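For the sequence shown, full-length UniProt numbering begins at 1 and goes up steadily by one. Virtual Cβ for every residue (Gly too), placed ideally from N, Cα, C. Treat the numbers as computed from the prediction; the structure is a model and nothing was measured. See below for the structure under consideration.
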Amino acid sequence: MKSILNDVVYLNIVTSGLNPNTSEIIEIAAIKVINNEVFKFNTLIKPYEEVPVSVFGTCKNLKQNDLDKAPTIYQIRNKFIDFIKDYPIICHDLKSKKCFLDKYIFENKRLKNELLDSMQLAIILEPFHINYELNYLINKVTDINKQVNNRALNDVLLNIQLVNALLIRLWKSEETRLDKLYFNLEQYFKSSNIKSWEWIKYLKEIDEKKEFEQSVLFEINEKDSQGNRHNVNLSKYKNSYEDLLKLNELWTNSKNFSYIFRPKQHEFTKFIKDVFNSKEDAPKIGCIEAPTGIGKSVGYLIPAIMESFYNGKKIVISTDTKNLQMQLINKDIPTVLKSLNLQSKINYGCMKGKNNYLCNRRLEEYKKSVVFKSQSELLEFLYIQRLIENGEYGDIEEIPNNVKYIFSEIEGLIFNLRCESDICYPEKCIERCFYKNRIKELKKEHITVINHSLLAKWPYKEQKQLDYLIIDEGHNLMEKSYDFFTSECNSILLDKLLDELYPHSEINHKNVSTMDKFYISVAGKLQLDSNIKAKLQEKITLAKQSINNILNGCGKSLKSGLYDHSWEINRQQAPLSNVSFKNRVDISGYMRSEFENIVIYLKEILRSLNYIIDQCEKEGEDDSYIFNTISAKTMDIDCNILTIESFIEKKLDNYCRIIDINNEYKYFNIRVIPIDVAEMFESMFLSTVNTVVFLSATLNINNNMSTFKRTLGLDKHKTIEKTIESIYDYKGKTKILAMEEFPKYNALNDEFIDHTVKLIENICVNSNGHVLALFTSKNRLEKVYKKLVHRLNIHNIELYKDKSAVNNLRDLSKKCVVLASKSCFEGVDIQGEGLTCVILDKLPNKSLDDPLYSSIRSFKRTTYDDVNYPQLSIKAKQAYGRLIRSKYDYGYFIILDIGHNNTTINKLKRDLHDCDIKRVNTHYVIDSISKDFKRWKIETFREILKDIKCDIYSPMKIIYKNNNEMNRIDYINEEVSKRNIALYIKDIDIKNKKLKISYK
1 MKSILNDVVY LNIVTSGLNP NTSEIIEIAA IKVINNEVFK FNTLIKPYEE VPVSVFGTCK
61 NLKQNDLDKA PTIYQIRNKF IDFIKDYPII CHDLKSKKCF LDKYIFENKR LKNELLDSMQ
121 LAIILEPFHI NYELNYLINK VTDINKQVNN RALNDVLLNI QLVNALLIRL WKSEETRLDK
181 LYFNLEQYFK SSNIKSWEWI KYLKEIDEKK EFEQSVLFEI NEKDSQGNRH NVNLSKYKNS
241 YEDLLKLNEL WTNSKNFSYI FRPKQHEFTK FIKDVFNSKE DAPKIGCIEA PTGIGKSVGY
301 LIPAIMESFY NGKKIVISTD TKNLQMQLIN KDIPTVLKSL NLQSKINYGC MKGKNNYLCN
361 RRLEEYKKSV VFKSQSELLE FLYIQRLIEN GEYGDIEEIP NNVKYIFSEI EGLIFNLRCE
421 SDICYPEKCI ERCFYKNRIK ELKKEHITVI NHSLLAKWPY KEQKQLDYLI IDEGHNLMEK
481 SYDFFTSECN SILLDKLLDE LYPHSEINHK NVSTMDKFYI SVAGKLQLDS NIKAKLQEKI
541 TLAKQSINNI LNGCGKSLKS GLYDHSWEIN RQQAPLSNVS FKNRVDISGY MRSEFENIVI
601 YLKEILRSLN YIIDQCEKEG EDDSYIFNTI SAKTMDIDCN ILTIESFIEK KLDNYCRIID
661 INNEYKYFNI RVIPIDVAEM FESMFLSTVN TVVFLSATLN INNNMSTFKR TLGLDKHKTI
721 EKTIESIYDY KGKTKILAME EFPKYNALND EFIDHTVKLI ENICVNSNGH VLALFTSKNR
781 LEKVYKKLVH RLNIHNIELY KDKSAVNNLR DLSKKCVVLA SKSCFEGVDI QGEGLTCVIL
841 DKLPNKSLDD PLYSSIRSFK RTTYDDVNYP QLSIKAKQAY GRLIRSKYDY GYFIILDIGH
901 NNTTINKLKR DLHDCDIKRV NTHYVIDSIS KDFKRWKIET FREILKDIKC DIYSPMKIIY
961 KNNNEMNRID YINEEVSKRN IALYIKDIDI KNKKLKISYK
């Protein structure tokens, strides 16, 4: 192993967890390179505390026995310190490892060694990557066929290769450039009078670099543009393009999915085609509920692509989740286009709201006035600058989490550099701007993918009309539509806005506001009334004081507790403390009075700002960036005035006026929400659209779409509806169990938590242990995790608690449990025996006191069940839907707290494919789960044999598949494994028709 860098130490550690206060170093490795000579240090370290089983699952070949025999940290510490001496230390993801090194190796003593982070190096040198984990980078910048295995020495060796590759790629890119990066960085740090970045001195090109180029990739080929060279004449299918799904030659060569023809997918695609080509007058509206497993994405992409190809229609696809948005753009659309060989004829892209993009012009303005106070601040800025300088990148959501972790304050910088709605005009922008480029592309795109939030405001009408819409995850519009038409005012944002408009009497680098910058920019050019500055100072101070008065008043009057407070000020009583209640404190009246004061002060501020704007326009000073910024903030003030005025109205009308108070009284948020959104939704969307198709797996509530249509105003129009029946045997392959004799959740004691922990442990011990537990409360999730992790460790069962860990369930070689919150109610697709038990902590009932739902009940004079059940049904169906993702899936769906409302339970039974909801106790689950799972496994095995058309007892040991000879047993085992079923045939007794099976 050779290193470009000399006289350095490459270091890595493996730990038993993420927190140095509760976890330990269990392995350490270092490679020292001195005068091109390599020295190695590597040892396991005996832990003092229990090591979670999940660590052994992620660290290749790591065994508890080996750790037990290893030396302690105290026995190796001095040897290691002597090994590294005072040479510079290079580590990947140094930030997460330094706290362990400080505590366990260096004992929090001041280090002589210079510390360098190769992750930080990659971030600055190549800011365009979507991930900076070692494994990802190695695959992107080298052709090394090795994987990170979370073992210290292996990952040190990979890190050396990574640093070599990053430096070689930098030098290669700078061959024809005079302005070398190391020189530019040096100038930045010198001019800022900040300690230089440790990597700069290593960026200077060396002479003997040829030998290091061999394994380096110099181009990142993100997209394979080669299409499927089929012989299908697509023009023959213009009026029946759903039949393209019957042509295996189009789909079987795809690398991204294994294709089988699904009649229900064909039915789904035909329905969408029929809506698009309906003879009905606009708006043509289609609503279709399609079950899990039919391939909805491909099913609606074919109409989108073919309507664009045949008829030149510009299609907009709206989704609710970012994950699905990215899946469509990065996988599904390119896959379908390549299969059809239309990738050169159909353009597509993803569009977001303006403030989701970074602005080059704002960056240049920021650069003029910023005073960097630390190395980290300057590096954050340099990362953003290098990312967006060529106009090829600039989507804020694509900034990786690694970057936000390494640069913990970068969110504030990103906020300051976002495109602003009232300042950024792409048609006037002269910068090389990613957002401007997206606007240009939007006009030409055949297919544009957006999310529901952008759909609500659609600011790009000049570039693309919403003529043809496909709305996936349409059920989410029922709740989301309230957000679409909500106006709100947040005290933190208002406070920040007022700070930006405050003109300081004396200016220094710590308190430069936007208004200060404006006064500096017009000094000597513009004569302003001398009283304006004093007026702004006075009214801004008073407005901020009223904000604090509201928070202080609530702090003195409201109940103290763990949760934030929310109430509708005209329809509900504030949650007063006992003392305040006895003294009849009118906190809502007090707040209304303070809000009235805020409106008065904001109007005074607005008058002063309008005076300034008028003077600028008269004197021709109205074309600067800072002027546009002040104008935009003036509009923000006006919006806040309108929201607050609407909020303090004493009306029981079609609006719900909610205040949310942080439980620590640090901020508040007021919301004005329309109670009936049907008319608004109808006028916003249906008045302009030509064709719209709503699709979801959960549009039906109580076996019809009436609630969905009524909520969105679709019931006033003729709609084409279809429900595609499920393709799976839910009744035969699942059990829905409601726990009896199970305690209700009570925040004051842990009885519910303890029972939940014990149940999950017993389920894992008596089954394959692949459990997803969904919680409607993050607080409950955390409590269960803390108690469950130790219980499962005893049984060598891994426990995780976030969505990113869900993929661990796919690995049948280990038992694991994932605890997750509402984000996992959708988007989790684990097939086979990767997920055999889904647990829901409680039915997601809305609180009787929920301000919005309480107001809806009051205004519409309807029952709690009428308002609550639709959202409950959707969420329960989503949770249940995680269990069965293919015809080979089976398992238990367990609801811990189902309540005692039999009407709700009976309706829910109907919505959950008419499956029985059986009330059982813990003993039933423990006694039945092993028997049920074994029975389902055997049934699934028989189903696989039937599908692959293989006579298992045939005397022929060899079979022919795709012109290749295969051993019959090997072939069957391979097919079973493909379906993620843990079953392995060891031998077949043909004579007695018996199998020797291992349930691996």
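- Under the DSSP assignment, Val449 falls outside any alpha helix (DSSP H), being part of the beta strand (DSSP E) whose first and last residues are 447–451.
- Nearest C-alpha to Val163 among Glu126, Glu617, Val403: Glu126.
- If the five residues before and after Asp243 are omitted, its C-beta is found closer than 7 Å to the C-beta atoms of Tyr237, all from its own chain and listed in chain order.
- In chain order, Tyr259, Ser339 place their CB closer than 6 Å to the CB of Trp251, counting only its own chain and leaving out the 5 sequence neighbours on each side.
- With contact defined as three or more Cβ pairs closer than 8 Å, the segment 805–823 and the segment 783–796 are in contact.
- DSSP places Ser487 within a strand segment (E or B) once states are collapsed to three.
- Residue Leu835 holds the alpha-carbon nearest to the alpha-carbon of Asp811 among Lys352, Leu835, Lys651.
- The Cβ atoms of Phe39 and Ile31 lie closer than 9 Å to each other.
- Under the three-state reduction of DSSP, Gly474 is assigned to helix.
- When rounded, the separation of the alpha-carbon atoms in Lys209 and Ile972 is 52 Å.
- By the beta-carbon neighbour count (other beta carbons within 10 angstroms, threshold 16), Cys287 is buried.
- Following the DSSP letters along the chain, one finds Tyr348 inside the beta strand (DSSP E) bounded by residues 348–350.
- Contact between Asp155 and Asp117 fails: their C-beta atoms lie close to 14 Å from each other, not under 8 Å.
- Sequence-distant Cβ neighbours of Thr707 in its own chain, meaning closer than 6 Å and more than five residues away, are Ile701, Pro870.
- Residue nearest to Ile34 within the set Arg584, Gly57, Val8 is Val8 (criterion: CA-CA distance).
- Residue burial annotation: Thr176 is exposed, with fewer than 16 other C-beta atoms found within 10 angstroms of its C-beta.
- Pairing Thr940 with Tyr888 gives a Cβ-Cβ distance under 9 Å.
- With contacts defined as CB atoms closer than 9 Å, Cys489 and Cys424 fail to qualify as a contacting pair.
- As computed with DSSP, Tyr800 is found in a beta bridge with Val818.
- Your pair Asn12 and Cys91 checks out as a contact, with CB atoms roughly 6 Å apart and the cut at 8 Å.
- Val771 is a Cβ neighbour of Val838, given a cutoff of 9 Å.
- By the C-beta criterion, the segment 496–506 is judged not to be in contact with the segment 465–476, since fewer than 3 inter-stretch pairs fall below 8 Å.
- Its chain contains Thr634 as the residues whose beta carbon lies nearer than 6 Å to that of Leu609, once the 5 sequence neighbours on both sides are disregarded; these appear in chain order.
- In this structure, Ile605 lies away from Glu267, with their beta-carbon atoms at least 9 Å apart.
- By the Cβ test, the segment 292–302 is in contact with the segment 268–275, since at least three Cβ pairs between them sit closer than 8 Å.
- Distance check between Gly17 and each of Tyr800, Glu974, Arg910, Tyr853 places Tyr800 closest, using alpha-carbon atoms only.
- Tyr924 sits in a helix when the DSSP states are folded into three classes.
- DSSP, read as helix, strand or coil, puts Met705 in coil.
- In this structure, the straight-line span from the alpha carbon of Thr43 to that of Tyr357 is close to 46 Å.
- Separation of the CB atoms of Thr321 and Glu826 is rounded to 7 Å, and the pair is thereby assigned contact status at 8 Å.
- Here Gly732 carries a helix assignment [DSSP, helix/strand/coil].
- Nearest neighbour of Thr629 by Cα position, chosen from Leu493, Glu782, Asp422, turns out to be Asp422.
- Three or more Cβ pairs closer than 8 Å define a contact, and the segment 662–679 meets that threshold against the segment 711–725.
- In the three-state scheme derived from DSSP, where H, G and I count as helix and E and B as strand, Glu568 is classed as strand.
- Rounded to the nearest angstrom, the gap between the Cα atoms of Pro851 and Cys656 is 8 Å.
- In the structure shown, the three-state DSSP call for Ala747 is coil.
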